[in-house]
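Written out below as structure tokens is the structure these notes cover.
There are 2 protein chains.
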Amino acid sequence: MAVGTAGIASRLREVIARDRVIDDRTTLIPYMYDASFWSLRQRRMPDAVVVPESLADVVAVVRVANETGTPIVARGAGTGQTGGAIAPAGGIVVSFARMRAIQEIDRRNLQAIVEPGLVYLDLQAALAEQGLFFPPDPGSGRACTLGGMAANNASGPHAVRWGTTSAYVLGAEVVLADGSVITTGGVHSKALKSSSGIDLTKLFVGSEGTLGIFTKLRLRVQPKPPARAVILAGYTRQVAANVRYTDAILRKRAAVTRFAEDEKDVARLWAARSGLAAATALAHPGKHRIFAGEDLAVPLTEIPHTVRRARELGAELGIAVVFYGHFGDGNVHSAILIDPDDADEVRRADELADRLHKLAVEVGGTVTGEHGTGAVRAPYMRAEHGDALDVMKRIKDVMDPKGILNPGKIYP
Amino acid sequence: MAVGTAGIASRLREVIARDRVIDDRTTLIPYMYDASFWSLRQRRMPDAVVVPESLADVVAVVRVANETGTPIVARGAGTGQTGGAIAPAGGIVVSFARMRAIQEIDRRNLQAIVEPGLVYLDLQAALAEQGLFFPPDPGSGRACTLGGMAANNASGPHAVRWGTTSAYVLGAEVVLADGSVITTGGVHSKALKSSSGIDLTKLFVGSEGTLGIFTKLRLRVQPKPPARAVILAGYTRQVAANVRYTDAILRKRAAVTRFAEDEKDVARLWAARSGLAAATALAHPGKHRIFAGEDLAVPLTEIPHTVRRARELGAELGIAVVFYGHFGDGNVHSAILIDPDDADEVRRADELADRLHKLAVEVGGTVTGEHGTGAVRAPYMRAEHGDALDVMKRIKDVMDPKGILNPGKIYP
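Protein sequence lines, in the order shown, are assigned to chains A and B. Going from the first sequence to our numbering is simple: count from 1 and add 102. Going from the second sequence to our numbering is simple: count from 1 and add 102.
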């Protein structure tokens with residue numbers, strides 16, 4: 103039974119605690135945005151935001167969405183850059199801000215069971231107390247949630263060594279489009295690997311809430327390097343040799359290099375690196391950095407050509423753009439700097455983002471290395487995936503026949 | 103249009119070279135078996151074996167299967183232990199023995215493009231010439247194929263450090279049930295990572311030919327450790343310290359330990375380890391090792407209990423069983439030793455395998471860490487995966503509506 107957009111909040115209040123449903127327009131404003139430039143212009147307000155506190159809440163809300171054919175969009179911290187957490191067709195946004203528990207850190211089995219709203223930094227802090235860590239390292243780690251990371255298969259500079267989030271999700275509790283609940287990776291499993299059945303976990307990871315909604319994640323974690331002095335010393339000697347060797351190569355090409363050996367200096371350099379995305383804006387005072395065309399990943403051999411060509415495109419269109427990234431896995435980030443009130447500059451920035459995405463596909467890369475497809479990159483799926491896109495759509499249709507799960511994302 | 107089992111070979115000879123189709127009963131015999139005990143007793147002969155030489159051949163064969171509703175089963179080296187490469191309902195077996203080309207080793211982009219019939223050892227040899235290696239290390243590596251490894255998400259003792267095959271398949275060319283062809287991971291991509299679209303590659307990997315048939319694999323490979331003496335020396339010092347430390351711990355518990363430092367001794371120990379599966383049979387001369395219930399993977403904390411309980415079960419049933427494995431990722435292998443002509447012993451061995459599988463699920467593990475589900479472990483999918491099995495079936499049905507792709511495997 104369809105209900106009007108005004109009716110959806112009342113309907114939701116029948117199934118979960120009244121104060122867990124938001125529909126006053128002022129409070130809804132933040133939910134119009136994520137970090138994408140797209141969301142700044144889209145400005146579509148959801149009809150309601152719900153802030154569930156339990157699996158039962160999420161199930162109740164999904165059932166309402168299913169019965170009424172209402173779009174339903176899961177949201178973590180809203181740090182995404184693709185419009186993934188936005189409801190462009192209206193409907194319900196499910197904020198996981200209140201489902202952020204660490205249900206268990208099982209040190210001896212090297213895994214943690216967490217709710218999707220858990221902030222990455224909070225997970226790392228809790229793990230560190232037990233001598234553990236979670237290897238993926240997204241740039242937005244101070245704010246982003248584990249649910250968002252799993253939905254987008256996020257990663258970061260260390261992916262070249264450790265792999266992406268996908269490698270560290272062992273299982274998940276997922277609410278399906280009809281409100282039923284499954285556990286992937288084995289209902290009661292704490293195995294570290296499995297070849298049993300088909301790998302639904304890895305299908306849901308990276309599917310951006312279009313096939314189901316995570317309510318729990320079983321994560322693989324790693325022990326920190328052992329603290330025995332003799333081994334640490336040996337290790338340090340090796341690292342120092344490696345770093346000096348790399349440094350010598352870099353000096354031949356780089357404008358600036360910094361060498362750090364002791365723990366404090368190393369931490370300072372990494373802090374500088376993690377501030378880089380924000381710092382790019384300083385390159386052109388008065389301009390604002392927008393996130394668009396910002397996440398190309400290309401074959402390693404194509405990095406120089408890609409950066410060169412991307413620079414040329416920026417120059418041709420008269421748009422300031424700064425490049426950085428983690429080139430070890432081919433991920434080229436670009437910071438487009440514009441005055442968002444200058445309509446012509448905005449048009450040229452759109453053109454640049456479009457050409458950057460096409461460039462990535464042209465050189466045998468992907469339009470997104472780690473940020474996801476969302477709304478903004480859905481138009482490039484056919485060019486990148488060809489007929490495989492039809493298979494993605496077939497799976498989407500069978501998992502979500504009414505098309506209520508995060509519509510407008512991934513599948514163009 | 104359905105054709106009789108006798109007619110299928112003639113029909114196939116209309117679409118691919120006549121000598122690529124085998125249907126004389128003597129030549130078909132080897133295709134009745136893989137390494138599973140199950141296949142030794144099943145003894146169902148396929149109606150025809152085809153040995154395609156190209157994508158076009160595979161497409162032509164799948165089209166015939168689709169038109170006639172004939173089961174079609176992909177086969178690599180037949181080293182599997184689950185009946186995965188067997189056609190228990192008859193039909194067509196597709197042997198990839200003639201599609202074993204390395205199409206490209208792209209050293210600078212750290213990837214290789216190979217046909218699925220390529221033998222693992224041949225890949226490693228070709229990679230080694232370029233200073234590269236492929237991290238997964240299955241015990242059957244001298245014979246098994248990359249296609250079989252991808253189909254089963256195979257791994258080996260090094261998975262605890264490097265992950266499973268899934269982490270090293272960047273993309274695949276796949277023939278679908280209707281004979282159409284897709285490329286997952288980006289049609290022209292050589293990116294090392296991607297968050298674009300949903301991850302079809304990881305869905306097909308481990309799906310055992312039940313969702314599509316691999317005709318090409320794009321693999322991620324790794325550079326071997328650098329050859330600079332100073333770093334190698336440093337590395338060796340560190341490894342030696344680690345190994346000595348581990349050795350000291352092991353001595354407290356193990357009946358026998360061996361310490362090796364120089365390259366030749368290390369290689370000899372690994373060779374001994376890789377011969378272990380075969381050597382288990384020597385524990386009881388006159389008995390034969392069968393592969394059944396051989397691939398449990400359990401939470402790390404459950405390893406002692408699992409091995410203890412499994413030993414008890416063996417003793418209760420009067421069946422000789424030897425345990426080994428790579429306990430670092432919880433993978434407990436068991437070698438059941440019986441006289442296959444003793445009907446009562448066979449019955450008790452079946453009972454033991456059944457109880458071992460149930461034990462794995464009971465302790466929060468999985469019935470298969472790296473060998474796959476196949477026919478032999480399909481009966482345990484409901485217990486391990488609960489309602490998630492229904493989602494697997496839904497995906498199976500949409501990908502293979504006629505149920506021709508490797509029927510009788512995975513989905514009970």
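Ideal Cβ placement from N, Cα and C applies to all residues, glycine included.
- Taking a Cβ-Cβ cut-off of 8 angstroms, the neighbours of A:A399 in chain B comprise A293, L294, K295 and S296, given in sequence order.
- Scanning the stretch 248 to 327 of chain B for uninterrupted beta strand (DSSP E) segments of 3 residues or longer gives 271 to 277, 283 to 286 and 315 to 322, listed from N- to C-terminal end.
- For B:D492, the uninterrupted alpha helix (DSSP H) run begins and ends at A490 to M501, by DSSP.
- No Cβ of chain A is located within less than 9 angstroms of the beta carbon of B:Y222.
- For B:R244, there is no enclosing beta strand (DSSP E), as DSSP gives it neither H nor E.
- DSSP places A:Q144 in the helix class (H, G or I) of the three-state scheme.
- A:F425 and B:P190 have their C-alpha atoms spaced approximately 56 angstroms apart.
- Put simply, the backbone Cα of B:L371 is about 8 angstroms away from that of B:A362.
- When the beta-carbon positions are compared, B:P238 and B:G265 come within less than 9 angstroms of each other.
- Fewer than three Cβ pairs drawn from the stretch 132 to 139 of chain A and the stretch 463 to 470 of chain A lie within less than 8 angstroms of each other, which leaves the two stretches out of contact.
- Close partners of B:N211 in chain A (Cβ separation under 7 angstroms): P401, L402 and T403.
- Boundaries of the beta strand (DSSP E) around B:D397: D397 to A399.
- Contact note: B:N255 reaches chain A through K295, S296, S297 and D301, using a C-beta cutoff of 9 angstroms and chain order.
- The DSSP-derived three-state label of A:T184 is coil.
- Of all residues in the stretch 451 to 476 of chain A, only A462, V463, E464, V465, G466, G467, T468, V469, T470, G471, E472, H473, G474 and T475 come within less than 9 angstroms of chain B when Cβ atoms are compared, listed by chain position.
- About 5 angstroms separates the Cβ atoms of B:I300 and A:S309, confirming a contact at the 8 angstroms cut-off.
- Within chain A, the residues S282 and I284 have their CB atoms less than 7 angstroms from the CB of B:D489, given in chain order.
- Chain-ordered, the chain A residues with CB closer than 8 angstroms to the CB of B:E486 read G288, V289, S291, S298 and G299.
- The straight-line gap separating the alpha-carbon atoms of A:G466 and A:G432 is approximately 11 angstroms.
- Across the structure, A:G377 and A:R244 are spaced so that their CA atoms are roughly 12 angstroms apart.
- When secondary structure is reduced to three states using DSSP, A:S156 falls in the coil class, being assigned neither helix nor strand.
- Residue state for B:L223 is assigned as helix, using DSSP reduced to three classes.
- Counting every other CB atom within 10 Å of its CB across the protein chains shown gives A:Q205 a total below 16, marking it as exposed.
- Between B:Y133 and B:S197, the gap from beta carbon to beta carbon is short of 9 angstroms.
- Taking 9 angstroms as the CB threshold, B:N433 lines the interface with chain A.
- Out of A:A385, A:I440, A:A373 and A:L130, the CA that lies nearest to the CA of A:A394 is found in A:I440.
- The beta-carbon distance between A:D489 and A:L313, rounded to whole angstroms, is 20 angstroms. This is too long to meet the 8 angstroms contact definition.
- B:S436 and A:G241 have their C-alpha atoms roughly 44 angstroms apart.
- Contacts between B:S268 and chain A, judged by CB atoms closer than 8 angstroms, involve D301 and K304 in chain order.
- A straight line joining the alpha-carbon of A:N254 with that of B:E275 spans about 24 angstroms.
- In this structure, B:T247 sits away from B:G311, with a CB-CB distance that is not shorter than 9 angstroms.
- Inter-residue distance for B:N508 and B:G193 is about 10 angstroms (C-alpha atoms, whole angstroms).
- Of the residues A:L220, A:K366 and A:L461, the one whose Cα lies closest to the Cα of A:E404 is A:L461.
- Identification of chain B residues near A:A261 by a Cβ-Cβ cut-off of 9 angstroms yields L294 and K295, ordered along the chain.
- Proximity to B:R479 across B:E231, B:V153 and B:G185 peaks at B:G185, based on C-alpha coordinates.
- Note on geometry: alpha-carbon atoms of A:L384 and A:R391 lie some 9 angstroms from one another.
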